[in-house]
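Q: Below is a structure I'd like to ask you about.
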Amino acid sequence: MTIAVTKVRVEDKLYQNRYLVDSGRPHIIVRPHDKPSANLLALTYVCPAKCYELNDKGQVEITADGCMECGTCRILCEKGGDIEWNYPRGGFGVLFKFG
Amino acid sequence: MIEQFDAIVVGAGMSGNAAAYTLASKGLKVLQLERGEYPGSKNVQGAIMYANMLEKIIPDFRDDAPLERHLVEQRLWVMDDTSHTGIHYRSDDFNEAKPNRYTIIRAQFDKWFSRKVREAGATVLCETTATELVRDGNGKVIGVRTDRAGGVVFANVVVLAEGVSGLLGTRAGLREMPKPETVALAVKEMHFLPEEVIGQRFGVKGDEGCVIEAVGTISRSMAGLGFLYTNKESISLGIGCLVSDFAATMESPSALLDAMKNHPSIRPLIAGSEVKEYAAHLIPEGGYRAIPQLFGDGWVIVGDAAQLNNAIHREGSNLAMTSGRVAAEAIVKVKSRNGPMTKANLALYKTMLDDSFVIKDLKKYKDMPALLHTNSSNFFDSYPRLMSHAAQNFMRVDGTPKIEKEKNTTAAFINARSRWGLVSDAVRLALAWR
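Residue numbers (the numbering used here), protein chains in the order written: chain A, 36 to 134; chain B, 9 to 442.
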């Protein structure tokens with residue numbers, strides 16, 4: 036038996052959250068590449084905030100505004116050099132109301 | 009600002025607050041750095057808080073700590089697509105004057121804990137991201153660089169309570185980055201419902217609470233765990249799986265959570281709720297074998313940053329609090345005999361922690377992560393399905409003679425895993441559990 040799943044868009048979930056976005060200073064940067072590595076490509080599915088997306092050239096881009104700072108992308112992609120990862124500046128980023 | 013502290017604590021989560029509180033209440037000059045707007049704003053947990061470990065730090069915490077419900081019932085579920093098989097334990101003995109376990113909401117709890125830290129005399133600096141450890145010519149850690157202008161602060165010892173993906177320890181090479189197979193990614197939603205509705209749905213009254221923890225097809229063959237914790241007026245509902253499994257399967261964590269919410273055993277429990285937050289966090293799962301070097305010249309590591317998490321018992325914050333307290337007590341001891349904060353002297357922290365439940369428990373289960381993380385589909389998919397099949401076969405009355413039903417169940421297990429596979433899984437599990 037299959038279960039009907041009500042799909043909630045991740046964007047709508049993030050809408051519930053509180054953020055202080057550090058405009059113009061993203062805390063994660065994807066290094067320029069022609070073809071994404073397997074782990075970098077995986078982030079387009081695995082990032083819980085769906086910050087990573089494929090552009091029409093098949094490259095992975097990031098919009099870090101909705102980032103929940105979990106660190107999954109850092110674990111998967113920092114070592115291989117796919118991304119440059121930092122925490123947001125003090126006070127910026129996600130502000131959990133409940134956590 | 010050139011100011012020398014006895015100790016700098018990086019992070020205001022459970023381990024950092026425990027360390028800062030203990031150090032400050034023994035009269036040390038303590039600076040605590042927190043990158044969030046307020047302590048708790050970056051912290052995510054299920055969350056269950058174990059009273060015993062907090063009592064050892066703040067004995068009368070029940071007077072004013074924001075606690076949600078004390079737990080009287082725990083349900084462990086093994087789920088397939090349409091069912092759950094459960095072991096439930098509920099006891100009125102848990103309705104005691106000083107209850108053993110509470111659900112908490114971290115953002116609120118951490119604000120309270122931080123107030124205690126400040127009252128004990130520590131300086132807590134929020135909205136400050138620590139970016140780098142400062143070391144002297146011999147490699148001894150002597151301070152922390154922050155993202156504030158001119159923001160270098162100095163101390164005799166730095167307590168790294170920076171959480172599972174903390175930057176300082178890994179950047180300075182004091183510990184390795186956690187590997188994808190030693191951390192789980194958990195996603196969680198806060199579902200709000202009236203207090204009395206939660207009481208009715210879970211059969212609890214007043215401040216009584218209930219938790220459900222579930223394994224099975226909800227994790228889609230990945231090594232993972234779902235959970236549902238009752239707070240006063242909300243339900244914390246989430247699921248976590250190993251990052252390595254997420255990367256291999258390319259499952260979407262948010263879709264996984266949505267599917268779990270739609271499971272026929274879970275859907276009625278949260279029906280009509282209002283979701284007010286969606287959070288994600290990493291949980292250290294590597295166990296004993298993933299614990300890094302815990303101390304060195306001018307530094308100690310505590311809590312999640314040290315991978316101190318008991319994944320089998322889903323205990324983390326109590327190990328964090330205890331390691332923070334023990335590290336602080338070791339530092340106080342070294343200082344009281346006028347010793348420098350050298351690697352040799354700070355080894356006392358490790359000695360004291362080895363003697364506590366923290367390391368003893370992790371050692372007991374040192375082989376469990378490897379067992380559950382290899383061929384995870386057996387434990388998280390095949391066995392849950394078989395268990396449901398067996399239970400339904402046992403309960404459904406359809407005129408089949410019982411002896412045939414039993415044969416049918418046995419055959420299902422053997423077909424799925426072979427006799428050798430079943431024996432080997434059982435033996436491996438028993439050995440790892442010992």
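The C-beta atom is built at its ideal place from N, Cα and C for all residues, glycine as well.
Identify the continuous beta strand (DSSP E) that holds His199 (chain B) and give its terminal residues.
A: By 1-based counting over the second sequence, the position of residue 199 (chain B) is 191. 191-200 is the span of the beta strand (DSSP E), which, as asked, contains His199 (chain B).
Q: Bridge partners for Pro292 (chain B) per DSSP, in chain order?
A: Translated into the one-based positions of the second sequence, residue 292 (chain B) becomes position 284. Pro292 (chain B) is bridged to B:Val191.
Q: Counting only Cβ-Cβ distances shorter than 8 Å, please list the residues of the stretch 102-119 of chain A near chain D, keeping chain order.
A: Note that chain D does not occur in the displayed structure, where the protein chains are A and B.
Q: Below 8 Å between beta carbons: does that hold for Cys249 (chain B) and Arg83 (chain B)?
A: Against the second sequence, residue 249 (chain B) aligns to sequence position 241. Against the second sequence, residue 83 (chain B) aligns to sequence position 75. No. Outside cutoff.
Q: Exposed or buried, which one is Ser325 (chain B) when buried takes at least 16 other CB atoms within 10 Å?
A: Walking along the second sequence from the start, residue 325 (chain B) turns up at place 317. A residue is called buried once 16 or more other Cβ atoms fall within 10 Å of its Cβ, and Ser325 (chain B) is buried on that count.
Q: I need the DSSP call for Ala338 (chain B), collapsed to helix, strand or coil.
A: The residue you call residue 338 (chain B) lines up with position 330 of the second sequence. Correct three-state label for Ala338 (chain B): helix.
Q: Do Ala77 (chain A) and Ala32 (chain B) have their beta-carbon atoms positioned less than 8 Å apart in this structure?
A: Here residue 32 (chain B) is taken as the residue at index 24 of the second sequence, counted from 1. Here residue 77 (chain A) is taken as the residue at index 42 of the first sequence, counted from 1. Result no, Cβ atoms of Ala32 (chain B) and Ala77 (chain A) do not sit closer than 8 Å.
Q: Contact between the stretch 381-388 of chain B and the stretch 221-241 of chain B: three or more CB pairs below 8 Å?
A: yes
Q: Can you name, in chain order, every residue of its own chain whose Cβ lies under 7 Å from the Cβ of Ala335 (chain B), other than the five neighbours on each side?
A: As a working note, residue 335 (chain B) is residue 327 in the second sequence. Ala27, Val167, Val308, Val310, Tyr357.
Q: Within a Cβ cutoff of 6 Å, which residues of the same chain sit near Asn90 (chain A), ignoring the five residues on either side of it in sequence?
A: Counting from 1 along the first sequence, the entry for residue 90 (chain A) is found at position 55. Counting only Cβ-Cβ distances below 6 Å, and skipping sequence neighbours, we find Glu96.
Q: Short of 9 Å Cβ to Cβ, which residues in the stretch 74-101 of chain A face chain B?
A: Those would be Asn74, Leu76, Ala77, Leu78, Thr79, Tyr80, Val81, Cys82, Pro83, Ala84, Lys85, in chain order.
Q: Applying the 10 Å Cβ sphere with the 16-neighbour rule, what's the burial state of Lys48 (chain A)?
A: Along the first sequence, read from residue 1 onward, the residue named residue 48 (chain A) stands at position 13. Per the 10 Å Cβ criterion, buried.
Q: Pull up the distance between the alpha-carbon of Lys187 (chain B) and that of Asn74 (chain A), whole angstroms please.
A: Taking the second sequence and counting its residues from 1, the one referred to as residue 187 (chain B) is at position 179. Taking the first sequence and counting its residues from 1, the one referred to as residue 74 (chain A) is at position 39. Computed Cα separation, rounded: 13 Å.
Q: Quick one: any contact between the stretch 261-268 of chain B and the stretch 336-352 of chain B, if contact means 3 or more CB pairs under 8 Å?
A: Segments in contact, no.
Q: Is the separation between the beta-carbon of Arg60 (chain A) and that of Leu130 (chain A) shorter than 8 Å?
A: Here residue 60 (chain A) is taken as the residue at index 25 of the first sequence, counted from 1. Here residue 130 (chain A) is taken as the residue at index 95 of the first sequence, counted from 1. Judged by their CB atoms, Arg60 (chain A) and Leu130 (chain A) are not nearer to each other than the 8 Å cut-off.
Q: Please list the partners that Arg124 (chain A) has in chain B, where partner means a Cβ-to-Cβ separation under 7 Å.
A: As a working note, residue 124 (chain A) is residue 89 in the first sequence. Within chain B, the residues placing a beta-carbon under 7 Å from that of Arg124 (chain A) are Thr137, Asp155, ordered along the chain.
Q: Check whether the stretch 176-183 of chain B and the stretch 64-73 of chain B are in contact - that is, three or more C-beta pairs closer than 8 Å.
A: no
Q: For a contact defined as C-beta to C-beta under 7 Å, what are the partners of Val43 (chain A) on chain B?
A: The sequence position of residue 43 (chain A) within the first sequence is 8, counting from 1. Result: Asp266.
Q: Determine whether the Cβ of Glu11 (chain B) lies closer than 8 Å to any Cβ atom of chain A.
A: Start at 1 with the first residue of the second sequence, and residue 11 (chain B) comes out as number 3. With 8 Å as the cut-off, Glu11 (chain B) does not count as an interface residue toward chain A.
Q: Is it buried or exposed, Ile56 (chain B), if we count other Cβ atoms within 10 angstroms and call 16 or more buried?
A: Counting from one through the second sequence, the residue named residue 56 (chain B) turns up at place 48. Buried: at least 16 other Cβ atoms inside 10 Å.
Q: Use the C-beta contact count for Val161 (chain B): other C-beta atoms within 10 angstroms, 16 or more gives buried, fewer gives exposed.
A: Numbered from 1 along the second sequence, position 153 holds the residue referred to as residue 161 (chain B). Val161 (chain B) comes out buried.
Q: Based on the DSSP secondary-structure assignment, which residues constitute the bridge partners of Phe162 (chain B)?
A: Position 154 of the second sequence, counted from the start, is the residue given in the question as residue 162 (chain B). Phe162 (chain B) is bridged to B:Gln12, B:Gly151.
Q: By Cβ distance, which residues of its chain are closer than 6 Å to Arg153 (chain B), with the 5 residues on each side in sequence left out?
A: The residue you call residue 153 (chain B) lines up with position 145 of the second sequence. Counting only Cβ-Cβ distances below 6 Å, and skipping sequence neighbours, we find Thr139, Glu140, Val142, Val160.
Q: Rounded to the nearest angstrom, how far is the Cβ of Leu236 (chain B) from that of Ile243 (chain B), given a contact under 8 Å?
A: For the purposes of this step, residue 236 (chain B) is identified with residue 228 of the second sequence, where counting begins at 1. For the purposes of this step, residue 243 (chain B) is identified with residue 235 of the second sequence, where counting begins at 1. Between Ile243 (chain B) and Leu236 (chain B) the Cβ distance is about 6 Å, and since that is below 8 Å, they are a contact.
Q: Roughly how many angstroms lie between the CA atoms of Arg77 (chain B) and Gly214 (chain B), to the nearest whole one?
A: What you label residue 77 (chain B) is simply residue 69 of the second sequence in a count that begins at 1. What you label residue 214 (chain B) is simply residue 206 of the second sequence in a count that begins at 1. Distance between the alpha carbons of Arg77 (chain B) and Gly214 (chain B) is about 8 Å.
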